[in-house]
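Chemist: Note that our numbering has the sequence shown beginning at -7, numbered continuously upward. Structure below; questions to follow.
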Amino acid sequence: MTVLAMMIHSFIYVVPCSNTSSSLLSCNQKIRAPLLLTELPHVTSNEKIKMTRMIDVALTATSLILSSRPSHVVHCFSCNGLSKRNVHLHGNVSLRLRAHSRRRHQGKLSPSSTHSVGERPQNPELLTSSRYLKENVDKLVKWFNGKSNVLCLTGAGVSTMSGIPDYRGHNGSYHKGHKPMVHDQFISSTASRQRYWGRSMVGWKEFAMASPNDAHFAIAELEKLGFIGVDFEDNPKYHCDRNDDDLMRWAFTDGAQKMSIITQNVDGLHRKAGSKHLTELHGRGDRVKCMSCGAYHCRHEYHDLLEEVNCEWLEELKKFNTDNKNDSKNELRPDGDANISREVYDDVIVPQCNKCNTGFYKPDVVFFGDSVPRHRVERCYGAVEACDGLFCIGTSLAVHSAFRFVQRAAQNGVPIAILNVGETRAEVNELDVLKIEAPASHVLKALVEELK
-7 MTVLAMMIHS FIYVVPCSNT SSSLLSCNQK IRAPLLLTEL PHVTSNEKIK
43 MTRMIDVALT ATSLILSSRP SHVVHCFSCN GLSKRNVHLH GNVSLRLRAH
93 SRRRHQGKLS PSSTHSVGER PQNPELLTSS RYLKENVDKL VKWFNGKSNV
143 LCLTGAGVST MSGIPDYRGH NGSYHKGHKP MVHDQFISST ASRQRYWGRS
193 MVGWKEFAMA SPNDAHFAIA ELEKLGFIGV DFEDNPKYHC DRNDDDLMRW
243 AFTDGAQKMS IITQNVDGLH RKAGSKHLTE LHGRGDRVKC MSCGAYHCRH
293 EYHDLLEEVN CEWLEELKKF NTDNKNDSKN ELRPDGDANI SREVYDDVIV
343 PQCNKCNTGF YKPDVVFFGD SVPRHRVERC YGAVEACDGL FCIGTSLAVH
393 SAFRFVQRAA QNGVPIAILN VGETRAEVNE LDVLKIEAPA SHVLKALVEE
443 LK
């Protein structure tokens, strides 16, 4: 009764998607179902899990309707009949009003949705019970069965347990008003570069000192055991024609390529965990590149120089925080910079390239609005074409640079499994996927033990 007392009842109506029909169906087509209030006071995690399970049972009939009537969308109204809300259930079932509306009008998620906040995913801590862990691991073991060329695609959700925030997760930076650096702004604006490097002087060291977590180590172990990894034929288009070292590698290639992981992350934690055949889709955050001569430089050394020439600015920031009793830790952002309290960057000195002495450095990462190098994209496509399973971990697939590989796999009829907390672009676009709604580290660690 304690659990029931903390629930409200709502009506779920099945409404035709036709543009000409917006009225509700008759009363005998209404289905009563309990709605979970995710932010109830004085509710323990165990009670919330119990409530979630009750919702799963109560909405079985609704899921049957959805499977038999795909041209309908479920609308949910609270008891007062005024407020609409979407229903997110534990597991594979998700009732989406706004997503359906986007599909009706656009046919797919708009590219402009890359920076949209969207709905906040549920707290991952509610999805770590031993019962659900076993169910999820069993599903993935079955999915891996019979596959010999599985490719992994990872995102920010893999690194959150290492202290690096994500963009769209339960505590994602987009929910806090974060607007990431955009490529054109960085290239064209001196002020934007001063702001970026000023914030990076505060956040980068914490970002760079992060250690791999259980998810990274589990993925590295899956590669070592041979459960992930794709062999495919090499091709000159997989190599950069503007990089002498890359062309030399192509000249002496043995004709084969191997790829285990495509990661969207720039934190280097897969490398630290021991993963070997890794493609860092969006670049490496531990080095910088001159935008004039193309020379690379160690980012750690560049930050030492930044701090040396900006010691007065850093002292003023420290004094500002002390005078304003702002003793709280500056909040790290997914980009490797930080949200700081003193928004004054005019005096930040940004050292030029030490090779050509004219160009400025940019982190060797793909900022929003920039394009992934074509040879890197082609190499990833080559791995996708050769794989017999695509395992997406800790990613909402909101950005096209990663989602296109999922689309290609789906077009080829390749089985796709997704381990992520929160809805993904693959589900919104109604791709055929196995969805595991759970945090990555718990499931992957248990998966390795089971596969061993």
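Quick reminder that beta carbons are idealized off the backbone N, C-alpha and C, glycines included. Quick caveat, the model's predicted, so the values are computed rather than measured.
(1) Under a three-way DSSP split, which group does C303 fall into?
(2) Per DSSP, what kind of secondary structure is C372 in: helix, strand or coil?
(3) Helix, strand or coil: how does DSSP classify I254 here?
(4) With a threshold of 16 other CB atoms inside 10 Å of the CB of E127, please say whether the residue is buried or exposed.
(5) Within its chain, find whatever has a CB closer than 8 Å to the CB of G266; leave out the 5 residues flanking it on each side and keep chain order.
(6) Look at the alpha carbon of N349 and the alpha carbon of P343, and state the distance between them as a whole number of angstroms.
(7) According to DSSP, is E419 helix, strand or coil?
(8) Starting from H289, trace the beta strand (DSSP E) in both directions and tell me its first and last residue.
(9) Do you know how far the Cα of K310 is from the Cα of T271?
(10) Assign E272 to one of three DSSP states: helix, strand, or coil.
(11) Evaluate the contact criterion for the region 192 to 200 versus the region 379 to 388: three or more CB pairs, one atom per stretch, below 8 Å.
(12) What does the alpha-carbon distance come out to for the pair S284 and V340?
(13) Do you know how far the Cα of E377 is from the Cα of R400?
(14) DSSP beta-bridge partners for D223?
(15) Please return the same chain residues whose Cβ sits closer than 6 Å to the Cβ of V133, not counting the five positions on each side in sequence.
(16) Could you say which of A409, G405, K437 and D206 lies nearest to K264 if we only look at CA atoms?
(17) Can the beta-carbon of R417 be found closer than 7 Å to that of F397?
(18) Touching or not, the region 249 to 257 and the region 220 to 230, by the rule of three or more beta carbon pairs under 8 Å?
(19) My guess is that G260 and R276 are in contact by the Cβ rule of under 8 Å, so how many angstroms apart are they, rounded?
(20) Which two residues bound the contiguous alpha helix (DSSP H) that contains T146?
(21) For H289 and V280, I'd like the C-alpha separation in whole angstroms.
(22) Where does the unbroken alpha helix (DSSP H) through V440 begin, and where does it stop?
(23) Restricting to runs no shorter than 3 residues, where is the beta strand (DSSP E) found entirely within the region 387 to 411?
(24) How would you label Q403, buried or exposed, when you count the other beta carbons within 10 angstroms and need 16 or more for buried?
(25) What do you get for N412, buried or exposed, if any count of 16 or more other CB atoms within 10 angstroms of its CB means buried?
(26) Would N421 be called buried (16 or more neighbouring beta carbons within 10 Å of its own) or exposed?
(27) Between the C-alpha atoms of A438 and L125, what's the straight-line distance to the nearest angstrom?
(28) Can you tell me the Cβ-Cβ gap for Q256 and H274, rounded? I've got them flagged as a contact below 8 Å.
(29) Do V258 and V391 count as a contact pair if the criterion is CB distance below 7 Å?
(30) Could you have a look at I428 and say whether DSSP puts it in helix, strand or coil?
(31) Report yes if the C-beta distance between I140 and A202 is below 7 Å; otherwise report no.
(32) Out of R187, F178 and V435, state which residue places its alpha-carbon closest to the alpha-carbon of V336.
(33) Quick one: residues in its chain with C-beta nearer than 7 Å to the C-beta of H367, no 5 flanking neighbours on either side, listed in chain order?
(34) When you compare only the Cα positions, how much space is there between S102 and A409?
(35) Please classify K444: is it buried, with 16 or more other beta-carbons within 10 angstroms of its beta-carbon, or exposed?
Modeler: Walking through what the data contain:
(1) Taking the first residue of the sequence shown as 1, we reach residue 303 at position 311. Helix at C303.
(2) Along the sequence shown, read from residue 1 onward, the residue named residue 372 stands at position 380. C372: helix per DSSP, three-state reduction.
(3) As a first step, residue 254 is located in the sequence shown; it is residue number 262 there, counting from the start. Note: I254 maps to strand in three-state DSSP.
(4) Position 135 of the sequence shown, counted from the start, is the residue given in the question as residue 127. Within 10 angstroms of the beta-carbon of E127 lie fewer than 16 other beta-carbons, which makes it exposed.
(5) Within the sequence shown, numbered from 1, the residue matching residue 266 stands at position 274. For G266, same chain residues with a beta-carbon under 8 Å away, outside a window of 5 residues either side, are F209, A212 and K216 in chain order.
(6) Along the sequence shown, read from residue 1 onward, the residue named residue 349 stands at position 357. Along the sequence shown, read from residue 1 onward, the residue named residue 343 stands at position 351. Computed Cα separation, rounded: 9 Å.
(7) Working through the sequence shown from its first residue, we reach residue 419 at position 427. Helix at E419.
(8) To locate residue 289, count along the sequence shown from 1; it is residue 297. Residue range Y288 to C290 is occupied by the beta strand (DSSP E) that includes H289.
(9) Indexing the sequence shown from 1 puts residue 271 at position 279. Indexing the sequence shown from 1 puts residue 310 at position 318. So the alpha carbons of these two residues sit roughly 39 Å apart.
(10) On the sequence shown, residue 272 is found 280 positions in, with the first residue counted as 1. Looking at E272 - three-state DSSP - the assignment turns out to be strand.
(11) Using a Cβ-Cβ distance cut-off of 8 Å, the region 192 to 200 and the region 379 to 388 are not in contact, since fewer than three pairs of beta carbons, one from each stretch, lie closer than that value.
(12) Within the sequence shown, numbered from 1, the residue matching residue 284 stands at position 292. Within the sequence shown, numbered from 1, the residue matching residue 340 stands at position 348. Answer to the nearest angstrom: the Cα atoms are 21 Å apart.
(13) Walking along the sequence shown from the start, residue 400 turns up at place 408. Walking along the sequence shown from the start, residue 377 turns up at place 385. Straight-line Cα distance between these residues: approximately 8 Å.
(14) Taking the sequence shown and counting its residues from 1, the one referred to as residue 223 is at position 231. Answer by DSSP bridge pairing, in chain order: K250.
(15) Start at 1 with the first residue of the sequence shown, and residue 133 comes out as number 141. Counting only Cβ-Cβ distances below 6 Å, and skipping sequence neighbours, we find E442.
(16) Stepping through the sequence shown from its first residue, residue 264 is reached at position 272. Nearest option by C-alpha distance: D206.
(17) By one-based count along the sequence shown, residue 417 stands at place 425. By one-based count along the sequence shown, residue 397 stands at place 405. When the beta-carbon positions are compared, R417 and F397 stay at least 7 Å from each other.
(18) Counting Cβ pairs under 8 Å, three or more are found: they touch.
(19) By one-based count along the sequence shown, residue 260 stands at place 268. By one-based count along the sequence shown, residue 276 stands at place 284. About 6 Å separates the beta carbon of G260 from that of R276, a gap short enough to meet the 8 Å contact definition.
(20) Residue numbering aside, residue 146 sits at position 154 when the sequence shown is read from its first letter. For T146, no alpha helix (DSSP H) encloses it; the enclosing beta strand (DSSP E) starts and ends at V142 to T146.
(21) The residue you call residue 289 lines up with position 297 of the sequence shown. The residue you call residue 280 lines up with position 288 of the sequence shown. In this structure, the alpha-carbon of H289 lies about 5 Å from that of V280.
(22) Locating residue 440 in the sequence shown gives position 448, counting from the first residue. Residues A432 to L443.
(23) DSSP runs (the beta strand (DSSP E)) wholly in the region 387 to 411: 408 to 411.
(24) Here the question's residue 403 lines up with position 411 in the sequence shown. Answer is exposed; the Cβ neighbour count stays below 16.
(25) Stepping through the sequence shown from its first residue, residue 412 is reached at position 420. So N412 counts as buried.
(26) If you number the sequence shown from 1, residue 421 lands on position 429. With 16 or more other CB atoms across the displayed protein chains lying within 10 angstroms of its CB, N421 is buried.
(27) Taking the sequence shown and counting its residues from 1, the one referred to as residue 438 is at position 446. Taking the sequence shown and counting its residues from 1, the one referred to as residue 125 is at position 133. Straight-line measurement puts the Cα of L125 at about 8 Å from the Cα of A438.
(28) As a first step, residue 256 is located in the sequence shown; it is residue number 264 there, counting from the start. As a first step, residue 274 is located in the sequence shown; it is residue number 282 there, counting from the start. Indeed, because the Cβ distance is near 5 Å, the residues count as touching under 8 Å.
(29) In the sequence shown, residue 391 corresponds to position 399, counting from 1. In the sequence shown, residue 258 corresponds to position 266, counting from 1. Taking 7 Å as the cut-off, the beta carbon of V391 is found no closer than this to the beta carbon of V258.
(30) Along the sequence shown, one-based indexing puts residue 428 at 436. Strand at I428.
(31) What you label residue 140 is simply residue 148 of the sequence shown in a count that begins at 1. What you label residue 202 is simply residue 210 of the sequence shown in a count that begins at 1. The amino acid at residue 140 is misidentified as Ile; the sequence shows Ser. With respect to A202, S140 sits apart: the two C-beta atoms are not nearer than 7 Å.
(32) Within the sequence shown, the letter at position 344 stands for residue 336. Selected option, being the one with the closest Cα: R187.
(33) Within the sequence shown, the letter at position 375 stands for residue 367. Taking C-beta separations shorter than 7 Å and ignoring five residues to either side along the sequence, the partners of H367 in its chain run K229, Y230, H231 and C232, following chain order.
(34) For the purposes of this step, residue 102 is taken as residue 110 along the sequence shown, with counting starting at 1. For the purposes of this step, residue 409 is taken as residue 417 along the sequence shown, with counting starting at 1. At S102 the pLDDT is 37, less than 50, meaning the model places this residue with poor confidence; the figure from the coordinates comes in the next sentence. Rounded to the nearest angstrom, the two C-alpha atoms are 23 Å apart.
(35) Taking the sequence shown and counting its residues from 1, one reaches residue 444 at position 452. With fewer than 16 other CB atoms across the displayed protein chains lying within 10 angstroms of its CB, K444 is exposed.
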